[in-house]
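Colleague:
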Amino acid sequence: GENVEQHPSTLSVQEGDSAVIKCTYSDSASNYFPWYKQELGKRPQLIIDIRSNVGEKKDQRIAVTLNKTAKHFSLHITETQPEDSAVYFCAASKGNNRLAFGKGNQVVVIP
Amino acid sequence: SAVISQKPSRDICQRGTSLTIQCQVDSQVTMMFWYRQQPGQSLTLIATANQGSEATYESGFVIDKFPISRPNLTFSTLTVSNMSPEDSSIYLCSAGTGAADTQYFGPGTRLTVL
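Line by line, the protein sequences give chains B and G.
If you count the first sequence from 1, position 60 lands on 67 in the numbering used here, and the numbers rise without skipping.
If you count the second sequence from 1, position 66 lands on 139 in the numbering used here, and the numbers rise without skipping.
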């Protein structure tokens, strides 16, 4: 089945700087790539997603880029704020509604 | 996105007992799923709850341990049967709404088995 890996496991950034989290996937048939943000004790929240027919998608301070050839996609957070501190999960799906999740990245924004 | 609720939000149970978790969506959805998230870990798909037919289980999960019902397009239950301390985890339901594959999560049920 699909194997999704996330790097780095923990990322600390100064407030105002950018954060980038990268995920790799194994199955070239995967065509849907969401990112979820999970704050402590809360539900995973879908923050952005991308499908394989586009290379980049942006929503205010967050963006996702996809490289199908290299089978990796990345989450970019600009002008980080303390409320961006959370665990971020990437996932991949082949269009069968079954999401395979990465292990998560802890992002810490230092005020 | 749909509003998804779960009951109970948390429970402490004794070994050998069973707990049924309910998931309610405020609109009809095609797909509903159940996940497990162990402390500090990622999300693992348990099964897809199919309306009108048996659930589809992922490798490592079986119907006898995790029976699932989905009587209509807005509601599903997951039962954790014959519990052991290893079943202590957060159980989350999700619903597929809108575009294909897009899923939104319920708040989760935190289960502790003593």
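Using N, Cα and C, we set each Cβ at its ideal position, and we do this for glycine too.
These figures come from a predicted structure and were not determined experimentally.
Between R105 (chain B) and L118 (chain G), is the Cβ-Cβ spacing less than 8 Å?
Modeller: Here residue 105 (chain B) corresponds to residue number 98 of the first sequence, with the count starting at 1. Here residue 118 (chain G) corresponds to residue number 45 of the second sequence, with the count starting at 1. Yes.
Colleague: What do you get for L47 (chain B), buried or exposed, if any count of 16 or more other CB atoms within 10 angstroms of its CB means buried?
Modeller: Translated into positions along the first sequence, residue 47 (chain B) becomes position 40. It counts as exposed.
Colleague: Please report whether the beta-carbon of L165 (chain G) lies at a distance below 8 Å from any beta-carbon of chain B.
Modeller: For this step, residue 165 (chain G) is matched to residue 92 along the second sequence. By this cut-off, L165 (chain G) is an interface position.
Colleague: Along the chain, which unbroken stretches of the beta strand (DSSP E) at least 3 residues long are found entirely within the stretch 86-146 of chain G?
Modeller: 92-98, 104-110, 116-122, 141-145
Colleague: Where DSSP assigns a beta bridge to D66 (chain B), which residues make up the other side?
Modeller: Taking the first sequence and counting its residues from 1, one reaches residue 66 (chain B) at position 59. Note: D66 (chain B) sits in a beta bridge opposite B:I69.
Colleague: From S78 (chain G) to W107 (chain G), what does the alpha carbon distance come to, in whole angstroms?
Modeller: Position 5 of the second sequence, counted from the first residue, corresponds to residue 78 (chain G). Position 34 of the second sequence, counted from the first residue, corresponds to residue 107 (chain G). Those two C-alpha atoms are separated by around 13 Å.
Colleague: Within a Cβ cutoff of 7 Å, which residues of the same chain sit near S149 (chain G), ignoring the five residues on either side of it in sequence?
Modeller: On the second sequence, position 76 is the one that residue 149 (chain G) refers to. Cβ neighbours of S149 (chain G) beyond the five flanking positions: C96, M105, A122, I141, S142, R143, C166.
Colleague: If we call anything under 8 Å between Cβ atoms a contact, is Q101 (chain G) one with T129 (chain G)?
Modeller: Here the question's residue 101 (chain G) lines up with position 28 in the second sequence. Here the question's residue 129 (chain G) lines up with position 56 in the second sequence. Contact flag unset, no.
Colleague: State whether the stretch 8-25 of chain B contacts the stretch 48-67 of chain B, with contact taken as three or more CB pairs (one from each stretch) at a distance under 8 Å.
Modeller: In short, these stretches do not touch, since the Cβ pair count stays below three.
Colleague: Using 8 Å for Cβ pairs, my map puts V11 (chain B) next to C97 (chain B). What's the rounded Cβ distance?
Modeller: Locating residue 11 (chain B) in the first sequence gives position 4, counting from the first residue. Locating residue 97 (chain B) in the first sequence gives position 90, counting from the first residue. Their Cβ separation, rounded to whole angstroms, is 6 Å, which keeps V11 (chain B) and C97 (chain B) in contact under 8 Å.
Colleague: If D137 (chain G) and S161 (chain G) are in contact, beta carbons under 8 Å, what's the gap, nearest whole angstrom?
Modeller: Position 64 of the second sequence, counted from the first residue, corresponds to residue 137 (chain G). Position 88 of the second sequence, counted from the first residue, corresponds to residue 161 (chain G). Wrong, their Cβ atoms sit about 19 Å apart, outside the cutoff.
Colleague: For L18 (chain B) versus N112 (chain B), is the C-beta distance shorter than 8 Å?
Modeller: Within the first sequence, residue 18 (chain B) is the residue found at index 11, counting from 1. Within the first sequence, residue 112 (chain B) is the residue found at index 105, counting from 1. Going by C-beta atoms, L18 (chain B) is nearer than 8 Å to N112 (chain B).
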